[in-house]
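**Student:** Numbering that gives the first Met the number 0 puts the first residue of the sequence shown at 0, with every later residue one more than the last.
Even for Gly, the Cβ is constructed at its ideal location relative to N, Cα and C.
Owing to the predicted nature of the structure, the values given are computational and were not obtained by experimental measurement.
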Amino acid sequence: MKMKNIIAIIISIVLVVQIAAISVGAEITDLPPMVTAVASPDAGQLPLAVAFFTTAADDNDQDSTLLYSWDFGDGSYAQGKNPVHIYTTEGTYYATVRVVDSANNVGSDTVTITVTKAQLYDLPPVVTAVASQDKGSAPLNVAFFATAVDNEDAESDLKYSWDFGDGSHAEGKNPVHIYTAPGNYMATVRVVDTANNIGSDTLSINVQDPLLNPNLPPAVTLNGPDRAYAGDVVQFTAIGTDPDEGDFLTYMYDFGDGGTAIEQNPVHTFMDEGVFTVRVTVTDGNGASTSDTRQIIITERPLTNIPPTAIAQAHPTEGTNPLVVSFVGIGFDPDGEIARYHWDFDDGTTSDSQNPIHTYTQLGTYIARLYVYDNNGAHDVDDVTIRVELAEQGADPLIAAIPNQVAVLNEEYEYQVVASDPFGEALTYSMTGAPEGVTINPISGMISGIPTELGDFPITATVTDDSDNSVSATYVLTVVEFLPEDRRTRNSDLSVDRIALTNGEVLPIGELLSASVLVTNDAVFNFEDVTIRVSVPELGITKSILIEDLRSNRDELRNLFIDIPGDARPGEYEVRITVSNDELRRVIHREITVVPKDFRFTA
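Here it is in structure tokens:
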């Protein structure tokens, strides 16, 4: 009996061990997700928009509990299962998706994206010919000028040849030719690029018989100040006309102090005191000339300068937001003249206009300050108080009207949508109707991109606040193959002579990006409403300042400051500096490196 009990105990122990072994063997290991990534398309030309798709299977988790993250291989990232990304630089990229389950197991897959440059067709040069005069009596001296734009070749690679229509020919871009016999001549310039594509333009030249059509002299009127101080820069302007239509006029100045100039509207500095007779002589293309004179009195600058008096006025001075205020600046100077007005509206914006109009969008009390400067550098200040109260609840956001614009095919385009909300709510931007390659930043409202199709595109930009109130502005963007010649010429008259990132090109997160921009107007006319805009598109931040009147042969220095957001990722970012108005546009690019806030700089 004792032996039977021992055997029973042994059998029980064996059964328990076997059951435990079976239980342990049945435990299933939690495996990482099995991931498959697909890209459409996976190859193409710049700019290339790619839609990514992910499928994942996990042994324990539902799809809704899995976390998806993408690294597109070009320094950009995204969260989500099926993102869309635009590649803007040529190259081969490896886009990787990582999928994490509830047990922190990670599965991944990688797809290869190949991005190539956009292919352009080699088109013939676009040629424009201009003549100094197209009508006059023989012998007629004509200066010819040609400009050409080619989509593949630099201007130095183009070959110019002229046929003057009277049996004479010449090589070169800007020849001079004398027509000796009366008649109507067709002068043609041919421009050949490196692929032997030919572009041309033709001018009609009417050479008249000098016995039947004698040359008449031009007329001229000289304008300028009557008085100035020694050492001051003085502007003179001449208006010349010629009764013989098409005559080319040249100008020669004698300032009476030994100085001369050949511009139509020169500036001159008189260094000595006295009375000087300024003479301008205008000569037409056939040698006839006429002169006009005026006197200017140059005196010594007073030893002491009395400051000007500033008076600031505004209407209205209180109201609900958004509050549109008309400001009036008044300045008096007893011993000189007012040279400049400057307003600081106390909300982060300024103006150099004497009588600006400004809109306050946020609640508060503002001290608008007027600075008045005289021609000797002295200034005075006056203030006016503006009170902005709460507007009626439920008001829509505000959006500024957008003028119709022109963009160039396959060239960079951008426009900043300006909007605000009466209650300071966050705004979201959207857009419809844009050409391929042009998008809007939903946070900053910057419309940018490289249009890849020609035509007229009615675009509607919509801004929506957190309360779902929205407002829209519509404009037409015309995408052309080339800018008209007068627009290109005006663009060349404006130069951006200096851009300095005064805080350096390496900035910690949360610091200020400080940009100093010097703009020069080299034209003989003034530019109005010139906007300087500094933006970092990838961070969705922008800052702009308006120069209401950029005068001829003057330069303006402006400083702009932008906060680097606290949630910015460390890395390299493009800084885009745009100088533009309705007639011109210049874009300059710089780069900054954003580093962690606690980054230590080493020598």
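For I296, tell me which candidate among G286, P307, V281, T268 has the shortest Cα-Cα distance.
**Tutor:** Among G286, P307, V281, T268, the Cα nearest to that of I296 belongs to T268.
**Student:** Who are K134's beta bridge partners in DSSP?
**Tutor:** In DSSP, K134 forms a bridge with N205.
**Student:** Alpha carbon to alpha carbon, how far is A287 from P213? Give it in angstroms, no decimals.
**Tutor:** Rounded to the nearest angstrom, the two C-alpha atoms are 11 Å apart.
**Student:** Taking DSSP as the reference, what is the three-state secondary structure of L538?
**Tutor:** L538 falls in the helix class under three-state DSSP.
**Student:** Could you check what DSSP says for E89 in three-state terms: helix, strand or coil?
**Tutor:** Note: E89 maps to coil in three-state DSSP.
**Student:** Which residue from V405, Y359, Y412, I398 puts its Cα closest to that of V387?
**Tutor:** Measuring from the Cα of V387, the nearest candidate turns out to be Y359.
**Student:** Okay, do the region 50-57 and the region 122-136 touch, 3+ Cβ pairs below 8 Å being the bar?
**Tutor:** No contact exists between the region 50-57 and the region 122-136.
**Student:** Within 10 Å of its beta-carbon, does E413 have 16 or more other beta-carbons around it, so buried, or fewer, so exposed?
**Tutor:** Buried is the call here.
**Student:** Does DSSP put S63 in a helix, in a strand, or in coil?
**Tutor:** Correct three-state label for S63: helix.
**Student:** Answer with buried or exposed for Y76, where buried requires no fewer than 16 other C-beta atoms within 10 angstroms of its C-beta.
**Tutor:** Burial call: exposed.
**Student:** Look at the Cβ atom of R557, then the Cβ atom of N520, and state whether they are nearer than 8 Å.
**Tutor:** No.
**Student:** Is S155 helix, strand or coil by DSSP?
**Tutor:** Correct three-state label for S155: helix.
**Student:** If G509 and I563 are in contact, beta carbons under 8 Å, what's the gap, nearest whole angstrom?
**Tutor:** At roughly 6 Å, the Cβ-Cβ gap stays under 8 Å, so G509 and I563 are in contact.
**Student:** I need the boundaries of the beta strand (DSSP E) containing R293, first residue and last residue.
**Tutor:** Looking at the DSSP string, the run of the beta strand (DSSP E) that includes R293 is 288-298.
**Student:** Can you say whether L512 is buried or exposed, counting buried as having 16 or more other CB atoms within 10 angstroms of its CB?
**Tutor:** L512 is buried by the Cβ-count criterion.
**Student:** Measuring CA to CA, which of A169, A153, N173, P450 is closest to A142?
**Tutor:** Of the candidates A169, A153, N173, P450, the one whose C-alpha sits nearest the C-alpha of A142 is N173.
**Student:** Give a yes or no on whether the C-beta atoms belonging to L476 and A406 are separated by under 8 Å.
**Tutor:** Contact flag set, yes.
**Student:** Where do the N-terminal and C-terminal ends of the beta strand (DSSP E) with Q415 fall, by residue?
**Tutor:** Start and end: 412-415.
**Student:** Please list the terminal residues of the continuous beta strand (DSSP E) segment that includes N183.
**Tutor:** First-last of the beta strand (DSSP E) with N183: 182-191.
**Student:** Within this structure, are the beta carbons of S515 and I531 separated by less than 8 Å?
**Tutor:** It is not a contact, given that the beta carbons lie outside the stated cut-off.
**Student:** Distance, Cα to Cα, S466 vs A433?
**Tutor:** So the alpha carbons of these two residues sit roughly 26 Å apart.
**Student:** Report yes or no: do three or more beta-carbon pairs, one from the region 325-333 and one from the region 344-364, lie closer than 8 Å?
**Tutor:** Verdict: yes, contact present.
**Student:** Just list the residues that DSSP pairs A237 with in beta bridges.
**Tutor:** DSSP output for A237 lists L221 as bridge partner(s).
**Student:** Over what stretch of residues does the beta strand (DSSP E) that includes M430 continue unbroken?
**Tutor:** That run of the beta strand (DSSP E) goes 426-431.
**Student:** Report buried or exposed for R568, applying the criterion of at least 16 other Cβ atoms within 10 angstroms of its Cβ.
**Tutor:** Burial call: exposed.
**Student:** Considering only the beta carbon of each residue, do S136 and P209 sit closer than 8 Å?
**Tutor:** Cβ atoms of S136 and P209: closer than 8 Å.
**Student:** For F526, tell me which candidate among G539, L583, T541 has the shortest Cα-Cα distance.
**Tutor:** For F526, the nearest C-alpha among the options comes from L583.
**Student:** Which partner residues of E555 appear in the DSSP bridge assignment?
**Tutor:** In DSSP, E555 forms a bridge with V518.
**Student:** Excluding sequence positions up to five away, which residues of its chain have a Cβ less than 6 Å from the Cβ of S469?
**Tutor:** The residues are T461, T463.
**Student:** Report the rounded CA-to-CA distance for W161 versus V190, giving the unit in angstroms.
**Tutor:** Rounded to whole angstroms, W161 to V190 spans 9 Å at the Cα level.
**Student:** Just mark D149 as buried or exposed, buried being the case when its beta carbon has 16 or more other beta carbons within 10 Å.
**Tutor:** Buried is the call here.
**Student:** How about N196 and L122: do their beta carbons lie closer than 8 Å?
**Tutor:** Yes, these two residues count as a Cβ contact at 8 Å.
**Student:** Can you check which of these residues, P536, Q415, P32, is closest to S63 by C-alpha distance?
**Tutor:** S63 has its Cα closest to that of P32, out of P536, Q415, P32.
**Student:** Whose C-beta lies closer than 6 Å to the C-beta of A194 among residues of the same chain, with five residues either side of it excluded?
**Tutor:** D121, listed in sequence order.
**Student:** Kindly indicate which residue of T282, Q361, Y365 has the alpha-carbon position closest to the one of T316.
**Tutor:** The shortest C-alpha separation from T316 is found at Y365.
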